[in-house]
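Residues in the sequence shown are numbered consecutively from 8, following the numbering used here.
Below: one structure, written as structure tokens.
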Amino acid sequence: MTAVGQATATPRKTVRGVLPPLLRERVFRRYWGASTVSMFGDQVSSIAVPLTAVLVLHAGAAAMGVLTALAWLPSLLFGMHAGAWADRRGKRRQTMIAADLGRAVLMASVPVCYALHVLTLAQLSAVTFAAGTLAVLFNVSDSALFVSIVAPERYVDGQSLIYGSRALSFVGGPSAGGLLAQALTAPFAIAADALSFLGSAFFLGRIRPAEPPAADKADSVTAGFRFIARSPIVRASLSAVAVINLFDLMFLALFTLYAVRVLDVRPGALGSVDSLTVDEGTHLKDLISVAFALRQPETTTVPVANSNYLTSAGDAVLWDSAQARRLFRDLNTDRRVPKRLLTGSHLRG
């Protein structure tokens with residue numbers, strides 16, 4: 008065979024060949040696109056809404072505390088009931104689309120009212136609470152839609168792509184929100200979140216996965232409470248998250264107010280500062296380590312804080328893709344998780 012013939016026989020690497028396997032599937036790609044666009048818009052609003060309250064509506068410390076509480080109060084009030092309602096109703100994709108469209112209208116009302124000079128702190132608070140309620144409906148339906156789209160053996164791959172988008176949104180969203188607030192004013196920056204919800208609804212409207220059937224049990228709320236009460240792992244996890252969120256939200260409620268009024272930080276700079284750490288203090292270098300760990304088929308060392316494994320470089324945990332797949336499979340199917348998966352005894356021999 009000639010050199011020309013050899014060159015002709017060599018397959019060309021296409022863009023499709025470079026994509027992760029799940030992103031080559033049209034349904035998951037559109038679902039992932041909806042999640043990515045929506046998460047990016049959420050992070051724009053995470054900086055634009057507090058800036059609107061501080062710079063435009065001149066909110067004080069108490070008002071900022073109330074605004075932050077209203078954003079998370081729906082999760083406490085409606086989380087369990089929204090999940091039960093979504094299970095009984097079925098049609099999770101339609102619920103998610105409706106939640107997206109509702110949030111788009113709510114967020115769009117802020118710049119419109121600002122342009123008409125009728126925006127008030129009460130309206131911003133009502134929008135925050137209503138959008139949080141719709142977010143609860145969206146999130147409880149999202150988990151059921153995910154398992155309808157992704158096969159059980161690919162849950163880890165699918166979640167890694169979703170959380171990769173989430174990490175990127177934490178980096179790019181606040182920066183974009185701060186720059187938009189500085190260039191266009193904070194209320195008009197919130198319009199970007201409204202557009203992101205429209206984009207999410209558009210992508211979700213273009214998929215037709217086979218969803219789980221509607222549940223026929225009326226006691227799903229009490230069943231959920233019983234499951235939490237009987238599971239020490241879930242109880243411990245919820246307690247830990249509750250404590251972390253309590254102090255984290257105390258900080259977030261006053262962070263923008265302090266940065267703008269006391270330190271005189273500009274919106275663009277504030278968004279950039281908010282992007283230097285990702286998801287409660289996770290630094291970018293740690294995200295890069297996790298990304299490489301998820302791509303490797305073998306066990307990979309990923310540095311994190313406060314672990315039970317000590318190395319010459321300090322604390323570390325070991326990410327084992329095969330064991331992680333088994334753990335997520337057992338959790339998703341409500342099977343008993345082997346103790347060795349939780350203690351890491353399989354690593355110690």
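All C-beta atoms in this analysis are idealised placements derived from N, C-alpha and C, irrespective of residue type, glycine included.
Model, not experiment: these values are computed from the prediction.
Would the beta-carbon of residue i fall within 8 Å of that of residue j?
i, j, result
"Ser45", "Ser203", "yes"
"Leu420", "Ala193", "Outside the shown range of the chain (8 to 356) lies residue 420, about which nothing can therefore be said."
"Ser176", "Pro216", "no"
"Phe232", "Val143", "no"
"Gly180", "Val267", "no"
"Ala89", "Val147", "yes"
"Val63", "Leu141", "no"
"Leu29", "Gly165", "yes"
"Asp6", "Phe145", "Given that the chain is displayed from residue 8 to residue 356, the structure contains no residue 6 and the question cannot be resolved."
"Gly40", "Trp79", "no"
"Ser132", "Val73", "yes"
What three-state label does DSSP hand residue i in the structure shown?
i, result
"Pro345", "coil"
"Ile240", "helix"
"Pro181", "helix"
"Gly109", "helix"
"Val269", "helix"
"Leu64", "coil"
"Val324", "Confidence at Val324 is low in this model, with a pLDDT of 48, below 50, so its placement is unreliable and the value that follows should be read with caution. Strand."
"His88", "helix"
"Ala158", "coil"
"Ile51", "Before going on, a small fix: residue 51 reads as Val here, not Ile. The answer is helix: DSSP assigns Val51 an H, G or I state."
"Arg96", "helix"
"Leu128", "helix"
"Ile214", "coil"
"Pro27", "coil"
"Ala221", "coil"
"Leu123", "coil"
"Thr394", "With the chain covering 8 to 356 only, the question about residue 394 has no answer from this structure."
Heavy atom of the ligand NAP less than 7 Å from the Cβ of residue i, yes or no?
i, result
"Phe153", "With respect to small molecules bound, the structure shown includes none, and the ligand NAP cannot be examined in it."
Identify which residue in the options has its Cα closest to the Cα of residue i.
i, options, result
"Pro274", "Arg99, Ala190 and Ile104", "Ala190"
"Ala151", "Ala138, Trp92, Gly180 and Gly139", "Trp92"
"Ala105", "Ser207, Pro345 and Thr229", "Ser207"
"Ala122", "Ala196, Gly139 and Leu80", "Ala196"
"Leu83", "Asn252, Arg336 and Leu270", "Asn252"
"Ala66", "Arg237, Leu187, Phe153 and Leu128", "Leu128"
Just to confirm my understanding: we take residue i, look at its own chain, exclude 5 residues before and 5 after, and list those with CB closer than 7 Å. What are they?
i, result
"Thr75", "Leu256, Leu259 and Ala260"
"Asp149", "Met103"
"Ala68", "Leu261 and Leu264"
"Cys5", "Nothing can be reported for residue 5, as the shown portion of the chain is limited to 8 through 356."
Ignore the nearest five residues each way along the sequence and tell me which others in residue i's own chain have a CB closer than 6 Å to its CB.
i, result
"Ala111", "Ala201, Phe204 and Leu205"
"Gly185", "Ile54, Pro274, Gly275, Leu277 and Gly278"
"Thr43", "Ser172"
Excluding the five sequence neighbours on either side, which residues of its own chain have a C-beta within less than 8 Å of the C-beta of residue i, listed in chain order?
i, result
"Arg96", "Thr102 and Ala221"
"Met71", "Pro57, Ala60, Val61, Ala260, Leu261, Thr263 and Leu264"
Within the 8 Å Cβ cut-off, does residue i reach chain E?
i, result
"Ala41", "Looking for chain E here will not work: only one protein chain is present."
Do the stretch 247-257 and the stretch 159-175 meet, that is, are 3 or more Cβ pairs less than 8 Å apart?
no
Any contact of the stretch 206-214 with the stretch 97-108, i.e. 3+ C-beta pairs under 8 Å?
yes
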